[in-house]
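Visitor: Below you'll find the structure I mean.
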Amino acid sequence: MPRQTIVVDPVTRIEGHSKITIHLDEQGHVEEAYFHVTQFRGFEKFCEGRPFYEMPSLMARICGICPVSHLLASAKACDAILAVRIPENAARLRRILNLAQIVQSHALSFFYLSSPDLLLGMDSDKTRRNVFGLMEKYPEIARDGIRLRQFGQQMIEWLAGKRIHPSWVVPGGVNEPLTAERREQILGHIPEALAIVERTLDWYKSSLAKFGEEIRTFANSPTMFMGLVGEGGGLDHYDGKLRFMEPGGRIVEDAVDGSAYADHIGEIAHPWTYLKTTYYKPLGYPQGVYRVGPLARLNLIDRCLMPRAGQEWAEFRALERGAVLSSFHYHHARLVEILYALEKIEQLLNAPDILTKNVRAHASVNNNEGIGVTEAPRGTLIHHYKVDDDGLMVWSNMVIATGHNNAAMNRGVLQVARHFVHGNRLEEGMLNRVEAVIRAFDPCLSCSTHADGRLMLEVELRSAGGELLDTMRR
Amino acid sequence: MARILIVGYGNPLRGDDGVGFHAAVRLAAGFAGGEVEVRAVHQLTPELADDLSRAELAIFIDAAAEGEPGAVLLRRLSPEGGAQAFTHQATPPALLSASRALFGSAPEAVLFSIPVESAGFGESMTPPVARALDRVCVQVRAMVSERIAPGTPEI
Chain D
142 MPRQTIVVDP VTRIEGHSKI TIHLDEQGHV EEAYFHVTQF RGFEKFCEGR
192 PFYEMPSLMA RICGICPVSH LLASAKACDA ILAVRIPENA ARLRRILNLA
242 QIVQSHALSF FYLSSPDLLL GMDSDKTRRN VFGLMEKYPE IARDGIRLRQ
292 FGQQMIEWLA GKRIHPSWVV PGGVNEPLTA ERREQILGHI PEALAIVERT
342 LDWYKSSLAK FGEEIRTFAN SPTMFMGLVG EGGGLDHYDG KLRFMEPGGR
392 IVEDAVDGSA YADHIGEIAH PWTYLKTTYY KPLGYPQGVY RVGPLARLNL
442 IDRCLMPRAG QEWAEFRALE RGAVLSSFHY HHARLVEILY ALEKIEQLLN
492 APDILTKNVR AHASVNNNEG IGVTEAPRGT LIHHYKVDDD GLMVWSNMVI
542 ATGHNNAAMN RGVLQVARHF VHGNRLEEGM LNRVEAVIRA FDPCLSCSTH
592 ADGRLMLEVE LRSAGGELLD TMRR
Chain S
21 MARILIVGYG NPLRGDDGVG FHAAVRLAAG FAGGEVEVRA VHQLTPELAD
71 DLSRAELAIF IDAAAEGEPG AVLLRRLSPE GGAQAFTHQA TPPALLSASR
121 ALFGSAPEAV LFSIPVESAG FGESMTPPVA RALDRVCVQV RAMVSERIAP
171 GTPEI
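So the sequences go chain by chain: D and S.
For the first sequence, the tail end lands on 615 under the working numbering, and the numbers increase by one without skipping.
For the second sequence, the tail end lands on 175 under the working numbering, and the numbers increase by one without skipping.
Written as structure tokens, this is what we have:
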């Protein structure tokens, strides 16, 4: 049998455009697999020459799913250029906005993109394996998903004026304080949202036993983990210091200031994808491959101080000895993080001075360089800017969560392909699993290549000579 | 929830494709609160199903890929399911279907669609579609007036 290549193009139910190629040897065994990101955007280049204070609103255009993350990382980089310490209440309000973003983005990933696989089954009828199929069979869960994401989006609108590409966050803080009316609106919806995520956790945990094979094979490999850790070792999505952890759970480097990221994180480009790959510099590539995002964050922290989320976190950490390694558990981690976000938002909104009107620091250019680091829904997000004395952008670099996970996703695709794909036949369910491992990471390719859209899925099986042996279309 | 929900959608950075979005922005200024709610969105998302379930009439405004550029077409919609790859965007019939299936009811609904001439990069619309924007706003206001207070002049 000649060498063959299976192409999954595009990968569906993710954010952006990509394809997967699976290369088979003469015996039909999977030899290699690649996750290719086929879109390119180039924000780092075309921002050159623009005033730095335009960056938050310009960079937020990178993505329509997580604009808030870019807004915040960008604003933090600009804070550093201004050399200001923003008012405490401005930081608190930014933090709430970031957590609202976590709620809506995680709800989108879990309910809209992945729950059809989880509830209807990886091998179920592909024409029904979507939210419509979910609505028919599990309307309560579909309704919960819609309500939860709606609440996350609504919080963003109430805080920042609009759901997508808000301009509320500015260099030096935010441009308007919170009103009592908005605070009460958000607080009023928290109990329903908490109830939704708690019952979702209940059914999710009760169904885990059905996914033993996927848990064992979905990017379940000994990579490192990296992410921000808050004061006291707690979960923090807005601020904190970088921590690097070995697969066994040992912390190899801690309390790294985000501004020193380049000393610890290396970036490489591959000829077969527009998505850059990062690695832990001291170990080099590929030994220094690490993961970021919800799974990493819950592995990295020492404690989770919110009462309900704390209990769920403890259960989550008991899934495996040491760090939780299977990327299938990204789904579980997302639910725990939604719970945490809701509890934390409630706590922050009940802070006595949350309505304080002092929410912005004003200054001019005091530094020619600024670095902002936050935890986006998908992982650590770094914006690094250099400006001239007039504040015009001369250089920028963005390290995006999906890039941090690129190497791990590729390993995951290979692992799943080796387990489920057999060259002498194409089966829809096995190819869906190859896609599902990518979905577990919830990559955002619009962000990571600094497009959107949806295409048909096409899988081709070709011989080494290019002969089309088999095709599947979705 | 308002009795009438107007949803104008499209990408205002892609020329004529943004006509629905622009229409919603323009209409919102004339319907401050009360019985009419206006949403200007880039695309239809599943969350709108909940809002639709609480409306009596839904008016969608969108660009259309086919037809005479600048025409204003009106058609009634009905809930319709289907096996589309419904993730974070949807069609009006699919949303109506979701509204009925998940939240118990779907409103009466219409779609104003405006065939485009160009959906290239840029914020400006072509002259025929820009003129259609004026006409569709007049027609939507008339429809709303007729629904809120039958027999009265348009808002």
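Beta carbons: idealized from backbone N, C-alpha and C, even for Gly.
Are the Cβ atoms of isoleucine 81 (chain S) and leucine 131 (chain S) separated by less than 9 Å?
Guide: Yes. Within cutoff.
Visitor: For leucine 436 (chain D), which option in D:Asp583, D:Ala174, D:Ser265 and D:His170 has the closest C-alpha, if you only look at C-alpha atoms?
Guide: D:Asp583
Visitor: Go to serine 537 (chain D), then tell me how far its beta strand (DSSP E) extends in each direction, as first and last residue.
Guide: 534 to 540
Visitor: Per DSSP, aspartate 82 (chain S) forms a beta bridge with which residues?
Guide: Aspartate 82 (chain S) is bridged by DSSP to S:Ser133.
Visitor: Could you check whether the Cβ of glycine 102 (chain S) sits closer than 9 Å to any Cβ belonging to chain D?
Guide: With a pLDDT of 49 at glycine 102 (chain S), under the threshold of 50, the modelled position of this residue cannot be trusted; read the value that follows with caution. Answer yes: the Cβ-Cβ gap between glycine 102 (chain S) and chain D drops below 9 Å somewhere.
Visitor: Would isoleucine 287 (chain D) and proline 66 (chain S) be called neighbours here (beta carbons separated by less than 9 Å)?
Guide: yes
Visitor: For the alpha helix (DSSP H) containing threonine 341 (chain D), list its first residue and its last residue.
Guide: First-last of the alpha helix (DSSP H) with threonine 341 (chain D): 321 to 348.
Visitor: Between D:Met550, D:Tyr345 and D:Lys186, which lies nearest to serine 255 (chain D) when the distance is taken from Cα to Cα?
Guide: The shortest C-alpha separation from serine 255 (chain D) is found at D:Tyr345.
Visitor: Does chain S have any CB closer than 9 Å to the CB of proline 280 (chain D)?
Guide: Yes, proline 280 (chain D) lies at the interface with chain S (some Cβ there is under 9 Å from its Cβ).
Visitor: Helix, strand or coil for cysteine 219 (chain D) per DSSP?
Guide: helix
Visitor: Looking at the structure shown, is glycine 140 (chain S) part of a helix, part of a strand, or coil, going by DSSP?
Guide: Coil.
Visitor: Taking C-alpha atoms, which residue in D:Lys160, D:Ala201 and D:Val244 lies nearest to isoleucine 337 (chain D)?
Guide: D:Val244
Visitor: Quick check on the DSSP output: what are the complete alpha helix (DSSP H) runs of length 4 or more inside the stretch 248 to 318 of chain D, in order along the chain?
Guide: Listed in chain order, the complete alpha helix (DSSP H) runs (minimum 4 residues) inside the stretch 248 to 318 of chain D are 272 to 278 and 280 to 301.
Visitor: My guess is that arginine 23 (chain S) and alanine 75 (chain S) are in contact by the Cβ rule of under 8 Å, so how many angstroms apart are they, rounded?
Guide: Correct: roughly 7 Å between the Cβ atoms.
Visitor: What I want to know is whether the C-beta of alanine 437 (chain D) ends up closer than 8 Å to one or more non-hydrogen atoms of the ligand GTP.
Guide: This structure lacks the ligand GTP; in fact it carries no ligand of any kind.
Visitor: Following the continuous alpha helix (DSSP H) through isoleucine 486 (chain D), name the residue where it begins and the one where it ends.
Guide: Judged by DSSP secondary structure, isoleucine 486 (chain D) falls within the alpha helix (DSSP H) whose first and last residues are 471 to 490.
Visitor: Within 9 Å (strictly less), CB to CB, does aspartate 37 (chain S) reach chain D?
Guide: no
Visitor: Between methionine 276 (chain D) and chain S, is the shortest Cβ-Cβ distance under 9 Å, so that the two count as touching?
Guide: yes
Visitor: State the start and end residues of the unbroken beta strand (DSSP E) segment that holds glutamate 516 (chain D).
Guide: 510 to 517
Visitor: Below 8 Å CB to CB, which residues in the same chain sit around lysine 422 (chain D) once its five sequence neighbours on both sides are set aside?
Guide: Asp404, His405, Ile406, Gly407 and Gly429
Visitor: Against chain S, does glutamine 291 (chain D) count as a neighbour if the rule is that its beta carbon must be under 9 Å from one of theirs?
Guide: yes
Visitor: Measuring CA to CA, which of D:Gly399, D:Ala401, D:Ala502 and D:Val370 is closest to asparagine 440 (chain D)?
Guide: Ranking the options by Cα distance to asparagine 440 (chain D), first place goes to D:Val370.
Visitor: Kindly list, in the order they appear in chain S, the residues whose Cβ is closer than 7 Å to that of alanine 283 (chain D).
Guide: Leu122
Visitor: Please list the partners that glutamine 294 (chain D) has in chain S, where partner means a Cβ-to-Cβ separation under 9 Å.
Guide: Thr65 and Glu67
Visitor: Out of D:Gln168, D:Glu372, D:Glu461 and D:Glu325, which one is the CA nearest neighbour of asparagine 491 (chain D)?
Guide: D:Glu325
Visitor: How is the beta strand (DSSP E) around alanine 130 (chain D) delimited, first residue to last?
Guide: Coverage of chain D is limited to positions 142 through 615, which leaves residue 130 (chain D) absent and any answer about it impossible.
Visitor: Apart from the five residues on each side of it in sequence, which residues of its chain come closer than 6 Å, Cβ to Cβ, to alanine 396 (chain D)?
Guide: Lys382
Visitor: State the beta-bridge partners of phenylalanine 176 (chain D) as determined by DSSP.
Guide: Paired residues: D:Ile161.
Visitor: Determine whether the beta carbon atoms of serine 198 (chain D) and cysteine 204 (chain D) lie at a separation below 9 Å.
Guide: no
Visitor: Starting from isoleucine 442 (chain D), follow the beta strand (DSSP E) in both directions and report where the run begins and ends.
Guide: Bounds of any beta strand (DSSP E) do not take in isoleucine 442 (chain D), whose DSSP letter is neither H nor E.
Visitor: Measuring only between beta-carbons, confirm whether aspartate 82 (chain S) sits less than 9 Å from chain D.
Guide: no
Visitor: Give me the subset of the stretch 241 to 264 of chain D whose CB atoms are less than 7 Å from a CB atom of chain C, sorted by chain position.
Guide: Absent from the structure: chain C. Protein chains present are D and S.
Visitor: Cutting at 6 Å between CB atoms, please list the residues of its own chain near serine 98 (chain S), excluding the five before and the five after it.
Guide: none
Visitor: I'd like to check one pair, methionine 534 (chain D) with glutamate 189 (chain D): are the Cβ atoms closer than 9 Å?
Guide: yes
Visitor: For the stretch 41 to 53 of chain S, enumerate the residues whose C-beta is nearer than 8 Å to any C-beta of chain D, in chain order.
Guide: none
Visitor: What three-state label does DSSP hand lysine 527 (chain D) in the structure shown?
Guide: strand
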